[in-house]
Amino acid sequence: MSLLRRIANRAAQTIRDFRNREVEVISHMDADGVAAAAVISLALDREGIEHRVKFVRMLYREVVEDLEPAELTIFTDLGSSQLENLSRKYSGHHVIIADHHLPDAGFEWPELVHFNAHRMGIDGMQDISGAGMAYFIARELSGKNKDLASIALVGALGDVQNAWGSLTGLNTEIASDAIEMGLVKKEHDLLLYGRHSRPLFKALENFNDPPIPGVSGSPAGCVSMLKQLDIPLKSGDRWRRLVDLSLAEKQKLASELIARIFLTVPPELASYVPRSIMGEVYSLTQEEDNSLLKDAEEFATCLNSTARHEQPVLGLEVAKGDRGVYYRAMLRLIRYHRRQIAQGLEFIESTGLSEGPRKYLQYFDATGVIKETFVGTLTSMALGYQYSNPFRPIVGLVRSDGVAKISARCSKLLFLRGLNMGLAIREAAKKVGGEGGGHAVACGAQIEEKFLPEFLSKFEEIMLNQLAQH
Ligand code: C5P
Ligand code: ZN
5 MSLLRRIANR AAQTIRDFRN REVEVISHMD ADGVAAAAVI SLALDREGIE HRVKFVRMLY
65 REVVEDLEPA ELTIFTDLGS SQLENLSRKY SGHHVIIADH HLPDAGFEWP ELVHFNAHRM
125 GIDGMQDISG AGMAYFIARE LSGKNKDLAS IALVGALGDV QNAWGSLTGL NTEIASDAIE
185 MGLVKKEHDL LLYGRHSRPL FKALENFNDP PIPGVSGSPA GCVSMLKQLD IPLKSGDRWR
245 RLVDLSLAEK QKLASELIAR IFLTVPPELA SYVPRSIMGE VYSLTQEEDN SLLKDAEEFA
305 TCLNSTARHE QPVLGLEVAK GDRGVYYRAM LRLIRYHRRQ IAQGLEFIES TGLSEGPRKY
365 LQYFDATGVI KETFVGTLTS MALGYQYSNP FRPIVGLVRS DGVAKISARC SKLLFLRGLN
425 MGLAIREAAK KVGGEGGGHA VACGAQIEEK FLPEFLSKFE EIMLNQLAQH
């Protein structure tokens, strides 16, 4: 039995041992964390094990202070990297951690089952998500839980583990399980958001990483390009979506988009263009044809919205299968989410973006305009906005009580070219006594407000070095 299965098995056995005791699941408040909680919660339901589910942003010291250890606590998609904080309260208590973040060294205790990808030599940044780790425990609990692979896959996409255009490592095993169960279909396709849920011209209009001249942000341009390519906009009286196109139509469209992107992309990024617009996509076979949940990545975005607005329970119940009350509430929340994005972008348009001290990155300060949990979403949207430079990293921040909450995003092209902002922000934040981390194209940090200029300068310096080395 592999080390992975051995530890997953120990976690499963611990869960069985606590069958009639008090069990609590505590998960990360993001898309992957919601998916991870759904996987474990369904597995517990199926065993008839009662439990509570709670979500937290991070296990900061003061957050841990407010937690009360249950007889068994299962942490999913968090715990490993804040083990020191956790051990203050949970040392001596029965705990399972199923996580893929870099672990804190030391601070373990005998009653802890620490199921962390990195500790088994697995790349937790890329090859497995928190939901994936939870899935391996669920699969050890019962073979019946193999159908939870599709939710684990949603979690991996929520953590952008497909940034190279395909999944790697253990994520491919999870995808295979989901495909084998008939729950997921994998295809190679254009990477347009809304393949199943939006009219093609709308999906094209919204595509902006990298921006497509005459297409991104231009509904009229999309319509005229499709006409030129002889791709009908409608079939009968229904708008055609990307999934309605024939292979020949998709090929024609992909070639045209690539040719247009080449017009504006900086030469050093040009070779990465094809990979940024074509790649693996996953559809969930059981979902309604034009639902927001049909495409696995879109499903992840829905879960992300619920977490951003501190309503992760909506995402949890939808991921667990609800298509009634919680689902409708989630759709309402997504409409609100889109309005908030529009307002945030208007604000950026009115104030403009500032340049970093070394004139590489661009940033905005939305203090007093948006909630700090929303700055990440707004930063993502601002990257593709016409007033920003799409080929430079972008930083958004909100200040409160002397602390700056920072989000950073960059084009997938820069990542393919060698930029890893997650590593850069961690180092830059540490340099000024703060905390930071995340993915190569989407990361964040929290630092003392007074160190902002120093942080920005350090962040730029590290990124410029990364690019110089490639
Ligand atoms: O908040 P935001 O959406 O910008 O976060 C993007 C990513 O960066 C998330 O995966 C988050 O967990 C990570 N992050 C982090 N440390 C921070 C802030 C964010 O690892 N202090
Ligand atoms: Zn995760």
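Counting along the sequence shown from 1, when you hit position 243 you're at 247 in the working numbering, and nothing is skipped either side. Glycine included, C-beta positions come from ideal geometry on N, C-alpha and C.
- Nearest to valine 247 by C-alpha distance, out of Ala433, Val285, Phe140, is Val285.
- A Cβ-Cβ separation of about 5 Å places valine 399 in contact with alanine 412 under the 8 Å criterion.
- For phenylalanine 211, no beta strand (DSSP E) encloses it, and the DSSP letter there is neither H nor E.
- Counting only unbroken stretches of 4 or more residues, the alpha helix (DSSP H) elements lying wholly within the stretch 346-421 are 379-387, 416-421, in sequence order.
- In the three-state reduction of the DSSP assignment, isoleucine 429 falls in the helix class.
- Separation of valine 219 and glutamate 353 (C-alpha to C-alpha, rounded to the nearest whole angstrom) is 20 Å.
- When secondary structure is reduced to three states using DSSP, serine 180 falls in the helix class.
- Methionine 467: member of the alpha helix (DSSP H) spanning 456-472, first to last residue.
- When DSSP states are grouped into helix, strand and coil, arginine 23 belongs to the coil group.
- Inter-residue distance for glutamine 344 and phenylalanine 351 is about 11 Å (C-alpha atoms, whole angstroms).
- Straight across, the Cα-Cα distance linking proline 217 with phenylalanine 303 is about 28 Å.
- Rounded to whole angstroms, the gap between the alpha carbons of alanine 15 and leucine 468 is 43 Å.
- At a cut-off of 6 Å, the beta-carbon of serine 84 does not count as near ligand 2: no heavy atom of the ligand is closer than that.
- Between the alpha carbons of alanine 74 and methionine 33 lies a gap of roughly 20 Å.
- Taking the Cβ of aspartate 131 as the reference point, every heavy atom of ligand 2 lies at 6 Å or farther away.
- Here the alpha carbons of alanine 274 and phenylalanine 79 stand approximately 42 Å from one another.
- For histidine 313, the three-state secondary structure derived from DSSP is coil.
- Residue pairing by DSSP places cysteine 447 opposite Ala412, Gly442 in a beta bridge.
- In the DSSP assignment, isoleucine 100 falls within the unbroken beta strand (DSSP E) covering 98-103.
- In this structure, glycine 440 has its CB at a distance of at least 6 Å from all heavy atoms of ligand 2.
- Straight-line measurement puts the Cα of glutamate 301 at about 9 Å from the Cα of alanine 160.
- Exclusion of the five residues before and after serine 201 leaves Arg245, Asn294, Ser295, Leu296, Lys298, Asp299, Glu302 as the residues of its chain whose Cβ lies within less than 8 Å of its Cβ.
- Bounds of the alpha helix (DSSP H) holding glutamate 66 are 65-69.
- Around the Cβ of proline 215, a 10 Å sphere holds 16 or more other Cβ atoms; the residue is buried.
- Taking C-alpha positions only, arginine 327 is separated from leucine 471 by approximately 45 Å.
- Between ligand 1 and alanine 135, a heavy atom-to-CB distance of less than 6 Å is absent.
- Rounded to the nearest angstrom, the gap between the Cα atoms of leucine 267 and glutamate 260 is 11 Å.
- Rounded to the nearest angstrom, the Cβ distance from isoleucine 429 to alanine 449 is 5 Å, consistent with a contact under 8 Å.
- Put simply, the stretch 158-172 touches the stretch 34-54. At least three CB pairs are less than 8 Å apart.
- Within a 10 Å sphere around the beta-carbon of serine 91 sit 16 or more other beta-carbons, which makes this residue buried.
- For the pair asparagine 13 and glutamate 112, the CB atoms are not nearer than the 7 Å cut-off.
- Note that the C-beta distance between valine 379 and valine 402 is below 7 Å.
- Nearest to glutamine 315 by C-alpha distance, out of Arg10, Tyr330, Ile262, is Tyr330.
- Uninterrupted beta strand (DSSP E) stretches at least 3 residues long and entirely within the stretch 70-96 occur at 76-80, given in chain order.
- With distances taken between CA atoms, isoleucine 262 lies nearest to Asp213 out of Pro236, Ser287, Asp213, Ser222.
- The three-state reading of DSSP puts phenylalanine 119 in strand, counting E and B together.
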